[in-house]
Amino acid sequence: MFDSGVGGLTVLRALIERIPGANYLYFGDTARLPYGSKSAATVAHYAVDAVRYLQDQGAELLVIACNTATALALDEIKRAASVPVIGVIEPGADAAAKASKKKHAVVIGTEATVASHAYRRALETRNVRVREKACPLFVPLVEEGWIEHPVTEQVAKIYLAEAFASDFGSPEVRHPDDAGAADVLLLGCTHYPLIKPLLRRVAPAHITIVDSAESTAEEVARQLKLMPRPRSDNSDEIAAPPQLKFFATDSAEKFRKMGTRFLGLPVENVVHVDLKE
Ligand code: DGL
């Protein structure tokens, strides 16, 4: 599993709940995050380095847990990989399309994810109208640990009021993607599952929240079950503890500390990796 940092551990957490006994390698590119404010070329370059590293470590299935990397670089990652690759956008869009009765969703994510319109494209092919809203302050607030915090709540109120306003952007112009009719809020960033209870309180009551971490874990679990395994391996039937190994491009100790909060399990076995340019 690959992410720009610790955020993707929300996807790993959802996956471990479904397939506890698998052997997981997780790569967090903590030295080069955030990806959410970077260009497509830079993100693709970083992500391809990281997935090559995971493949060299023996990964048989690659999960791009990072919404920004999936949005900006999934095709390049697939070209560089020789094993199956799953990103977060298709499973997220699928779940949102299923959840939306009115076929109208609001997607929130980083600046780069929103500017790529990758979620918009994925949802429009499923006949769902979309409004996208960048929420760049959420990532630093979550990393600060301000999960249930008045500042985060205030920021969420401002972002979501804008995202669900009937006249998005200029007050004179009513946009065709008017979100007054939206009935789904799709969380298109690794960090947002941690503030889901807060977003639930702040979002309009009729809105269903769809979490791309959960839908991706669902899809990965489905594919893992289809993959050939050693005959002796019945590890997902008996609740064997997961085998976890982590790689981080910045301090292993920092990853261990912050990662434990995102994973909800102790993060041990962290190896520092120096990816040469
Ligand atoms: N992992 C990124 C995402 O899901 C958020 C953090 C970053 O900007 O690197 O978009």
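Numbering (this note's numbering), first residue to last: 1418 to 1694.
Beta carbons are placed, not taken as given, at the ideal position from N, Cα and C, and that holds for glycine.
Item	Value
My parser needs the beta strand (DSSP E) runs of 3 or more residues fully inside the stretch 1492 to 1567; what are they?	1502 to 1504, 1521 to 1526, 1546 to 1551
DSSP three-state label for H1623, please.	coil
With DSSP run on the structure shown, which of helix, strand or coil describes D1667?	coil
Take S1587 and list the residues in its own chain whose beta-carbon comes closer than 7 Å to its own, dropping the five residues that flank it on each side.	Bear in mind that the predicted position of S1587 carries a pLDDT of just 45, short of 50, making it unreliable; the figure below should be weighed with that in mind. The answer is none, since no qualifying residue turns up.
I want to check one thing, is the minimum distance from the CB of G1425 to the heavy atoms of ligand 1 below 7 Å?	yes
DSSP on D1600, reduced to helix/strand/coil?	coil
State buried or exposed for N1484, treating a residue as buried only when at least 16 other CB atoms are found within 10 Å of its CB.	buried
State yes or no: is the C-beta of Y1441 nearer than 7 Å to some heavy atom of ligand 1?	no
My output table needs one value for F1679: the three-state DSSP class, helix, strand or coil.	helix
Got a sec? Which residues, its chain only, sit under 8 Å from A1497 by beta carbon, not counting five neighbours each side?	V1465, V1468, R1469
Between K1574 and the rest of its own chain, which residues show a CB-CB distance below 7 Å, the 5 nearest in sequence each way excluded?	V1619
What residues match up with L1479 in a beta bridge as DSSP calls it?	V1502
Going by DSSP, name the residue or residues bridged to V1428.	In DSSP, V1428 forms no bridge with anything.
Roughly how many angstroms separate the alpha carbons of V1547 and N1440, rounded to a whole number?	37 Å
I need the DSSP call for P1588, collapsed to helix, strand or coil.	Only weak support is given to the placement of P1588: the predicted model assigns it a pLDDT of 44, under 50, and the value that follows is read from those uncertain coordinates. Here P1588 sits in coil by DSSP.
Is the beta carbon of A1634 less than 8 Å from the beta carbon of L1432?	yes
May I have the straight-line CA-CA distance separating V1690 from E1549, to the nearest angstrom?	35 Å
Cutting at 6 Å between CB atoms, please list the residues of its own chain near A1476, excluding the five before and the five after it.	L1442
Taking 7 Å as the limit, name every residue whose beta carbon sits nearer than that to some heavy atom of ligand 1, in sequence order.	D1420, S1421, G1422, G1424, G1425, L1450, P1451, Y1452, G1453, S1454, C1483, N1484, T1485, G1526, T1527, T1530, V1556, C1606, T1607, H1608
Measuring CB to CB, does V1601 end up less than 8 Å from V1568?	no
If you drop the 5 nearest sequence neighbours on each side, which residues of the same chain put their C-beta closer than 8 Å to that of I1506?	N1484, T1487, A1488, L1491, A1535, Y1536, A1539, G1605, S1629
Who does D1605 pair with in a DSSP beta bridge?	Looking at the sequence provided, one finds Gly at residue 1605 rather than Asp. For G1605, which the question treats as bridged, DSSP gives the partners G1526.
Just tell me which of H1608, S1533, I1612 has its CA closest to the CA of Q1571.	I1612
Which residues bound the beta strand (DSSP E) around V1688?	1687 to 1689
Report, in whole angstroms, the separation of the C-beta atoms of E1560 and M1675, which I expect to be a contact under 8 Å.	7 Å
Can you give me the Cβ contacts of L1680 inside the same chain, cut-off strictly under 6 Å, excluding the 5 residues immediately before and after it?	L1426, R1430
If you follow the beta strand (DSSP E) that Y1470 is in, where does it begin and where does it stop?	That residue, Y1470, is in no beta strand (DSSP E); its alpha helix (DSSP H) goes 1457 to 1473.
Helix, strand or coil for K1674? Go by DSSP, reduced to three states.	helix
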